[in-house]
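Visitor:
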């Protein structure tokens, strides 16, 4: 995955002028359509996500932040958010180094090695009962709609204390996996990490029945009054969940093949073999 | 002979009908949630639990028009019906375990 960062630059640099022209032309149009919606962020909570890889016997980690407002919420990976901030700085640096905006070859070692986080953002619109997911495959940005009624929770009588909250057990099947959630009535927010939610309280712990995917609540706090939740799909291509699934799968199983077939960029490896195929094993199997 | 068959069929039907009524002795609790200004409140958690327990037996989340509906089967005589939402005071009602309608008016929590 480390090799993928420069792609952003390559595409950006090669079509730099084009993008400028594009922007000038389309700004009035975008403002008319306005794919933006705003809400005040009231609470912010975060989950540690652990994914056990049965092939490598390694546990991958990510951190998901949920910002919750009056009628909407957003969930994103804090690793990806931090990376984006760092990358913006490096992109600027690299631009200055190569200067003219025409350079098509970037040295990978100009970039830092960083941990990878999930690229998806999950927006929930409670008033519309709708989920909007934005995601990225290499440099292409996509979004799709999903329903909020994805779970049929069966509440059990088991209780447990998680992070100081009294929790009760609930179970549901969701797109190919069976999940156990521990939710607390002490926080009356019907939400959880990613698409998970719909219980009479916040999900504090969540795992699938093989315990390979685990979400654990690690923080819950009142948000700063000025914080906003902005649902913005400007610049994202509309797609369907199934189509995005196929694209991500194709990319995971043959990264080089996928990138070269897209025609935007060409990658030549000078050393290392960071592009070996991996098994595509997402949360949602169907 | 044909005249004899009809009542027989009817009794069969009546027997199975009474059986289904017996099996599905479900309690349905429904109603509406408003705020102090009589505006509907959505995303309110409405839960049913035993009298002296926080253990949730069944639940519903109010829709955008403030309505909720809970169906459950229980042996209890009375139940605790609670409505809770962020930034609102929690409301509780001790109710008999029979199908009925209960509305709630929630007041905002004093900001700390």
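Chains as they are written, first to last, in my numbering: chain A, 185 to 470; chain B, 10 to 121.
All C-beta atoms, glycine included, are put in the ideal place defined by N, C-alpha and C.
Here the structure is a predicted model, which means the values were calculated and not measured.
Determine the direct distance from the alpha carbon of residue 115 (chain B) to that of residue 92 (chain B), and round the result to whole angstroms.
Guide: 8 Å
Visitor: Can you tell me where the beta strand (DSSP E) holding residue 361 (chain A) begins and where it ends?
Guide: It spans 361 to 368 - the beta strand (DSSP E) in which residue 361 (chain A) sits, taken as one unbroken run.
Visitor: Just to confirm my understanding: we take residue 346 (chain A), look at its own chain, exclude 5 residues before and 5 after, and list those with CB closer than 6 Å. What are they?
Guide: 366, 388 and 389
Visitor: Just to check my reading of the structure: residue 350 (chain A) and residue 368 (chain A) have Cβ atoms closer than 8 Å, yes? What is that Cβ distance to the nearest angstrom?
Guide: 6 Å
Visitor: Report the neighbours of residue 64 (chain B) on chain A: residues whose CB is nearer than 8 Å to its CB, in chain order.
Guide: 341, 343 and 352
Visitor: Unbroken beta strand (DSSP E) runs of length 3 or more, entirely within the region 303 to 372 of chain A: which are they?
Guide: 305 to 309, 314 to 321, 324 to 331, 338 to 346, 349 to 358 and 361 to 368
Visitor: Do residue 413 (chain A) and residue 234 (chain A) have their C-beta atoms closer together than 9 Å?
Guide: no
Visitor: Distance cutoff 9 Å, beta carbons only. Does residue 56 (chain B) sit that close to anything in chain A?
Guide: yes
Visitor: Measuring only between beta-carbons, confirm whether residue 255 (chain A) sits less than 9 Å from chain B.
Guide: Residue 255 (chain A) counts as touching chain B.
Visitor: Spatial neighbours of residue 52 (chain B) within its chain, please: C-beta separation below 7 Å, excluding the five flanking residues on both sides.
Guide: 70, 71 and 94
Visitor: Below 8 Å on the Cβ atoms is my contact criterion, and I expect residue 90 (chain B) with residue 111 (chain B) to pass it. Report the Cβ-Cβ distance as a whole number of Å.
Guide: 6 Å
Visitor: Cβ of residue 94 (chain B) less than 9 Å from any chain A Cβ?
Guide: yes
Visitor: State the DSSP-derived secondary structure class of residue 226 (chain A), mapped to helix, strand or coil.
Guide: Residue 226 (chain A): strand per DSSP, three-state reduction.
Visitor: For residue 378 (chain A) and residue 353 (chain A), I'd like the C-alpha separation in whole angstroms.
Guide: 19 Å
Visitor: If you run the structure through DSSP and keep just helix, strand and coil, what is residue 245 (chain A)?
Guide: Of the three classes helix, strand and coil, the one that applies to residue 245 (chain A) here is strand, per DSSP.
Visitor: Shortest alpha-carbon distance to residue 370 (chain A) belongs to which of B:57, B:108, B:99 and B:104?
Guide: Of the listed residues, the one whose Cα sits closest to residue 370 (chain A) is B:99.
Visitor: Scan the region 71 to 93 of chain B for residues whose Cβ lies nearer than 7 Å to a Cβ of chain A and list them as they occur along the chain.
Guide: Contact residues of the region 71 to 93 of chain B toward chain A are 73 and 93 (C-beta to C-beta distance below 7 Å).
Visitor: Closer than 7 Å, Cβ to Cβ, to anything on chain B: give me those residues from the region 307 to 332 of chain A, in chain order.
Guide: 310 and 311
Visitor: Compare the beta carbon distance of residue 361 (chain A) and residue 394 (chain A) with 9 Å and say whether it is the shorter of the two.
Guide: yes
Visitor: With distances taken Cα to Cα, identify the nearest neighbour of residue 258 (chain A) among A:411, A:466 and A:426.
Guide: The shortest Cα separation from residue 258 (chain A) among A:411, A:466 and A:426 belongs to A:411.
Visitor: Going along chain A, which residues have a C-beta under 7 Å from residue 52 (chain B)?
Guide: 310 and 374
Visitor: Check the Cβ of residue 68 (chain B) against every Cβ in chain A and list those closer than 8 Å, keeping chain order.
Guide: 339, 383 and 384
Visitor: At a Cβ cut of 9 Å, what residues of the region 220 to 234 of chain A count as close to chain B, listed as they run along the chain?
Guide: Against chain B - using a Cβ distance shorter than 9 Å - the residues of the region 220 to 234 of chain A are 226 and 227.
Visitor: Around the C-beta of residue 432 (chain A), are 16 or more other C-beta atoms found within 10 angstroms, so that it is buried, or is it exposed?
Guide: By the neighbour-count rule (16 or more Cβ atoms within 10 Å), residue 432 (chain A) is buried.
Visitor: What are the residues in the region 356 to 372 of chain A lying within 7 Å of chain B by C-beta distance?
Guide: If the cut-off is 7 Å between Cβ atoms, the region 356 to 372 of chain A has 369 and 372 near chain B.
Visitor: Name the residue from A:470, A:407 and A:419 whose alpha carbon lies nearest to the alpha carbon of residue 254 (chain A).
Guide: Among A:470, A:407 and A:419, the Cα nearest to that of residue 254 (chain A) belongs to A:407.
Visitor: Following the continuous alpha helix (DSSP H) through residue 429 (chain A), name the residue where it begins and the one where it ends.
Guide: 425 to 437
Visitor: If you draw a straight line from the C-alpha of residue 231 (chain A) to the C-alpha of residue 242 (chain A), how long is it?
Guide: 19 Å
Visitor: Compare the beta carbon distance of residue 428 (chain A) and residue 321 (chain A) with 9 Å and say whether it is the shorter of the two.
Guide: yes
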